[in-house]
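According to the working numbering, the sequence shown is numbered sequentially starting from 108. A short worksheet on the structure shown next.
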Amino acid sequence: MKIRNMTIDDIPAVREIGNNSPELSVTEENSPFWSTERLVGWVKAHQDVMLVAEEGGEVVGFQITNIHLPSKVGYLSDLVVDESARGRGIGSQLVELTLEKMREMGVTYVYALTQVENIKIHNLLKKYNFDKCKKMVWFEAQL
Ligand SMILES: CC(C)(COP(=O)(O)OP(=O)(O)OC[C@H]1O[C@@H](n2cnc3c(N)ncnc32)[C@H](O)[C@@H]1OP(=O)(O)O)[C@@H](O)C(=O)NCCC(=O)NCCS
């Protein structure tokens, strides 16, 4: 397994994995994951940490972030490992490398939003010293 930067060519595989994950939270084009247009712009900008985990030439997981350098705030937007590849440390390695890259970029505060009952991601985040804070409600709008 290797972890590398996401490219435009990875987007179909990333969307396939993202769209099969009911744990994600956005509603676009009737799917729970980001549109192709949005992901293309995101990858092309080279501003955020966007990683894929690859096994045998196939994308099996990814981590997407939003990084705001003026405030030094980073958001772990989406972390997903394909169901077939879970429980083998891939999610942990994606988060570890993401945090390392964020630190190198100068980020000093990192947060994540999760569904209340998603124990797996809660356990994973606790492993990396994230504290569980207040329960919030996700609101969304298209502009
Ligand atoms: C959460 C997710 C990314 C974990 O990926 P993974 O590759 O299976 O994770 P790892 O094997 O590295 O496990 C990391 C930690 O997660 C927790 N975890 C993983 N599977 C778990 C399970 N079945 N039950 C409870 N905790 C679990 C553990 O703390 C584990 O650490 P440990 O092995 O040292 O105990 C994966 O389950 C997933 O893609 N889920 C659907 C998408 C999702 O919920 N993303 C987060 C949205 S906010």
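By construction, the Cβ of each residue, glycine as well, lies at the ideal position given by its N, Cα and C atoms.
Alpha carbon to alpha carbon, what distance is there between E136 and V188? 22 Å
When you measure from the CB of E73 to every non-hydrogen atom of ligand 1, does any distance come out below 6 Å? Residue numbering for the chain in the displayed model covers 108 to 250; residue 73 lies beyond these limits and cannot be assessed.
Please report the straight-line C-alpha distance between V121 and T205, rounded to a whole angstrom. Between V121 and T205, the C-alpha separation is close to 17 Å.
Buried or exposed: K208, going by 16 or more other Cβ atoms within 10 Å of its Cβ? buried
Any heavy atom of ligand 1 closer than 6 Å to the CB of G198? yes
DSSP state of K251 mapped onto helix, strand, coil: Since the displayed the chain opens at 108 and closes at 250, residue 251 lies outside it and no answer follows.
Taking 6 Å as the cut-off, is the beta-carbon of N127 closer than that to any non-hydrogen atom of ligand 1? Result no, Cβ not under 6 Å from ligand 1.
With respect to 6 Å, is the separation between the Cβ of L158 and the closest non-hydrogen atom of ligand 1 below this value? no
Under 6 Å from any heavy atom of ligand 1, does the C-beta of R193 make it? yes
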